[in-house]
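The sequence shown runs 2 to 722 under this note's numbering.
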Amino acid sequence: MPTHSVRSASLAHLLSPVSIIPLLAAGMSAPAKAQTTLELPGIVVEGATLEAPRSAPKRKSAATTSPASNGVSQQEGPAEVAEEGAAKSEAASNQAGGIPAAHLGTAVTVVTGEDLQRQQIRHAADALRSLPGVSVNRSGSPAHLTAVRIRGAEHNHTLVLIDGIEANTGSNGAFDFSDLMTEDIERIEVIRGPQSALYGSNAIGGVINVITKRGGGPLAITARAEGGSFGTKGGAARVSGGNERIWGSATVQHQRSDGFNIAPEGEWGEKDGYRVTSLSANAGVMLAENIRLDLNIRHSDKHVRNDDQTGISVRNEWVIANDSLNFTNSSVLLMGANLRWDMLEGRLTHVFSASRNETRWNDYWFGAGFGPPSITNTNDDAYRLSYKTSYHFAMPVIGLQNSVSGLIEHGKESFENKTEWGFVEASRKLTSFAGEWRGDVLGRVYLTAGIRHDDYDAFKDFTSWRAGISVPIPEMGIRPHASAGTGMKAPTLIEQFGYFDRYLPNPALVPETSESWDAGVEFTLLNGKATVDITYFSMNITNKIGSETVACPDPNQFFCTIPINLDGVSRRKGLEVDTRVQIFPNLSVGLAYTYLDAVESTGMREARRPPHAARGDITYKFDEGRGTFHLAAIYNGEMQDNVFNFDWTKSGRVTLDDYWLVTAAASYKLNPGLEIYGRIENLFDEDYEEIFGFSTAGIAGYAGLRWTFDAEQLGNGLSMK
Numbered sequence: 002m003p004t005h006s007v008r009s010a011s012l013a014h015l016l017s018p019v020s021i022i023p024l025l026a027a028g029m030s031a032p033a034k035a036q037t038t039l040e041l042p043g044i045v046v047e048g049a050t051l052e053a054p055r056s057a058p059k060r061k062s063a064a065t066t067s068p069a070s071n072g073v074s075q076q077e078g079p080a081e082v083a084e085e086g087a088a089k090s091e092a093a094s095n096q097a098g099g100i101p102a103a104h105l106g107t108a109v110t111v112v113t114g115e116d117l118q119r120q121q122i123r124h125a126a127d128a129l130r131s132l133p134g135v136s137v138n139r140s141g142s143p144a145h146l147t148a149v150r151i152r153g154a155e156h157n158h159t160l161v162l163i164d165g166i167e168a169n170t171g172s173n174g175a176f177d178f179s180d181l182m183t184e185d186i187e188r189i190e191v192i193r194g195p196q197s198a199l200y201g202s203n204a205i206g207g208v209i210n211v212i213t214k215r216g217g218g219p220l221a222i223t224a225r226a227e228g229g230s231f232g233t234k235g236g237a238a239r240v241s242g243g244n245e246r247i248w249g250s251a252t253v254q255h256q257r258s259d260g261f262n263i264a265p266e267g268e269w270g271e272k273d274g275y276r277v278t279s280l281s282a283n284a285g286v287m288l289a290e291n292i293r294l295d296l297n298i299r300h301s302d303k304h305v306r307n308d309d310q311t312g313i314s315v316r317n318e319w320v321i322a323n324d325s326l327n328f329t330n331s332s333v334l335l336m337g338a339n340l341r342w343d344m345l346e347g348r349l350t351h352v353f354s355a356s357r358n359e360t361r362w363n364d365y366w367f368g369a370g371f372g373p374p375s376i377t378n379t380n381d382d383a384y385r386l387s388y389k390t391s392y393h394f395a396m397p398v399i400g401l402q403n404s405v406s407g408l409i410e411h412g413k414e415s416f417e418n419k420t421e422w423g424f425v426e427a428s429r430k431l432t433s434f435a436g437e438w439r440g441d442v443l444g445r446v447y448l449t450a451g452i453r454h455d456d457y458d459a460f461k462d463f464t465s466w467r468a469g470i471s472v473p474i475p476e477m478g479i480r481p482h483a484s485a486g487t488g489m490k491a492p493t494l495i496e497q498f499g500y501f502d503r504y505l506p507n508p509a510l511v512p513e514t515s516e517s518w519d520a521g522v523e524f525t526l527l528n529g530k531a532t533v534d535i536t537y538f539s540m541n542i543t544n545k546i547g548s549e550t551v552a553c554p555d556p557n558q559f560f561c562t563i564p565i566n567l568d569g570v571s572r573r574k575g576l577e578v579d580t581r582v583q584i585f586p587n588l589s590v591g592l593a594y595t596y597l598d599a600v601e602s603t604g605m606r607e608a609r610r611p612p613h614a615a616r617g618d619i620t621y622k623f624d625e626g627r628g629t630f631h632l633a634a635i636y637n638g639e640m641q642d643n644v645f646n647f648d649w650t651k652s653g654r655v656t657l658d659d660y661w662l663v664t665a666a667a668s669y670k671l672n673p674g675l676e677i678y679g680r681i682e683n684l685f686d687e688d689y690e691e692i693f694g695f696s697t698a699g700i701a702g703y704a705g706l707r708w709t710f711d712a713e714q715l716g717n718g719l720s721m722k
């Protein structure tokens, strides 16, 4: 079946409004200075245990903070943490930077802020595409609804944490990744497999843990401005600084675009543009030598034009998007506070946390006409209070290091929905208890076990568990690892309490549950220059929530929909392969592949889950690291999608074609404080759809400048070096 996307008409479209895209592939030369080692860096994971991940960060002095590092004082790298761990107790090492991935049985992939900048990724969803076990679906441009699935689970089976704050909404249980831009992101950790024993609901498929950049070191300012295809303009600015006692940072990001027509056969030819603005800030203070307070706030605001599926446009009898005047205004506000108290030289830790999530949608629906719109207002609110404690102790007689953690959490989530057809308002409360044990046997075997009990006031309680093992064998260059556990997804507030007059509530719903296990081996090859991780996974989901058509309470209405727990078991299994190779000090390659077999309880393949997905990356640095060229190719295999006829009385399935997306990005530092960069997205102008009946962008080009000012430059009146 042919698919449809927006194609450029000329080279002018590719470059407009930027006249030149810097293409740096020509004239590349090998760096004059070789690195001292080709060993790949380790990965330190912050979000995979109950432990508080981080004590007061160590700051670099002014002499060691350079404009080349954007003036940002980075946390100690994995190598430094590992070295510290050899000299100090495990407790001290853990609180310095998280848990090394080699100690986890769980499958984890990390995307760093450096990766995001090198690849010039502006929206977090684009960094997640085709990572092992991850799939992404957009209904149009980067600002349109963006769903991320892990291991074939549902969109709202992925828990999203931003600086420890749960970003999923209670009304639909999901997080829309179109709201998340990347300028302030330090790292994204994708933890695959059920994690409900740690995090409770929404973590059936896995957890995406987003950690933003902290302040520290001398005062520094970074700024970026860019423009490109579809009338896109954007920029960002960040200020950071601090010392051993107090630190902070603030970031503003903005992007707007005239967009393109997401209706593949739209007759008006109107463009579905957008604008997205994000403000974030964090601050920390050492109230005493062993007491630390951290504050975080993040606000995003979005306006996006939408096309509709009213039935006036069809392809082979199935409804596709048609031109309309619809638009959505939305905002997300996340706030969090953490008070950490270390005792007994760091062996005992107490963490008190409070967070709030406020999400607002205002949808203006014109249908296929021009008259006054129907307006839907949806307000989501959630707060959480928690207390965590961790205690580290040794049992030298048997060579065992132990870490025991406990959690008490209380929260409330509520929503209200107002339309011309009615008003729905609902809320529910949750109290949770969790415990976790981690063991280190002679530094050779790492064990994890955890359990959590969630007590909801609106439906039946649920208890989940997980266990993991990791066995690094450096002499052989292998690390077997495995994990198993259960997951839980609470019914959403909309599913429990209804949405409008034709979407009925079902208070009898029970949580969706999952049982899962995975096992794999990580190989370290070529004297540490290459790693290959191969993991097999299996997951069964029961009580999955679907819907059925029923008679409406109002006889004047044609039909109504009610959510139900489906019979049977929905099964997922597959294989994940992740490879990194440092070929030369200035040349690295990454490869990833996922095989996914995801079927519903009826035996039908799950929609929007490609059985085959792959990703390849190559990064080349030249001119002593001042220049970087990055090429990425993403493959999305054929996949099925659900379709409906013009009056939504008949449904079916179609197959969406497979596609390749290739992006080329290049940058060059003209001096330590000024960088020029450019990228071409969808390099070969691929024609594809991620969701049936919604267009995607064709080839597009962007270019910009990045400035960095350090304390010395700021003191000299912002003069460039």
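The beta-carbon is built from N, C-alpha and C at its ideal position, and this holds for glycine as well.
A quick note: this is a predicted structure, and the numbers were derived from the prediction, not measured.
Residue range of the unbroken beta strand (DSSP E) whose run includes residue i
i	result
residue 119	Run containing residue 119: none in the beta strand (DSSP E); it sits in the alpha helix (DSSP H), 114–120.
residue 332	328–344
residue 49	Looking at the DSSP string, residue 49 is not in any beta strand (DSSP E), and its letter there is neither H nor E.
residue 470	463–471
residue 420	401–420
residue 310	Premise fails: residue 310 is in no beta strand (DSSP E) and is neither H nor E.
residue 489	479–490
residue 389	375–396
residue 281	273–289
residue 353	349–366
residue 210	207–213
Segment limits, alpha helix (DSSP H) that includes residue i
i	result
residue 495	494–498
residue 127	125–129
residue 197	197–200
Residue i, DSSP secondary structure in three states
i	result
residue 230	helix
residue 618	strand
residue 589	strand
residue 559	coil
residue 703	strand
residue 154	coil
residue 145	coil
residue 642	strand
residue 529	helix
residue 180	helix
residue 1	What the structure shows of the chain is the stretch from 2 to 722, and residue 1 is not part of that stretch, so it cannot be assessed.
residue 511	coil
residue 103	helix
residue 547	strand
residue 165	coil
residue 68	Caution is warranted here: a pLDDT of 28 is assigned to residue 68, below 50, making its placement in the model unreliable, and the coordinate value is therefore given only provisionally. Looking at residue 68 - three-state DSSP - the assignment turns out to be helix.
residue 605	coil
residue 652	strand
residue 259	strand
Proximal residues to residue i (C-beta, below 6 Å), its chain only, five neighbours per side dropped
i	result
residue 504	562
residue 645	320, 652
residue 210	48, 162, 190
residue 296	284, 338
residue 411	386, 432
residue 302	278, 332
residue 414	171, 383
residue 274	258, 259, 260, 306
residue 355	338, 386
Own chain residues within Cβ distance below 8 Å of residue i, not counting five before or after
i	result
residue 706	225, 226, 227, 675, 676, 677, 678
residue 603	569
7 Å Cβ shell around residue i - same chain, five flanking residues per side excluded
i	result
residue 738	Outside the displayed range of the chain (2 to 722) lies residue 738, so it cannot be described from this structure.
residue 361	331, 332, 380
Residue i Cβ short of 7 Å to the ligand MG heavy atom set
i	result
residue 640	With respect to the ligand MG, the structure offers nothing, as it holds no ligand at all.
Under 8 Å, with one C-beta from each stretch per pair, do the segment 188–207 and the segment 243–251 reach the 3-pair mark?
no
Which complete beta strand (DSSP E) runs does the segment 666–691 hold, if anything under 3 residues is left out?
675–682
Is there contact between the segment 479–494 and the segment 505–525, where contact requires at least three CB pairs shorter than 8 Å?
yes
Is the segment 105–125 touching the segment 457–470 in the sense that three or more CB pairs, one from each, lie closer than 8 Å?
yes
Should the segment 548–561 be regarded as contacting the segment 576–593, the criterion being three or more beta carbon pairs within less than 8 Å?
no
Three or more C-beta pairs closer than 8 Å, one from the segment 653–672 and one from the segment 627–645: is that the case here?
yes
Using 8 Å as the Cβ pair cut-off and three pairs as the minimum, do the segment 125–136 and the segment 610–624 touch?
yes
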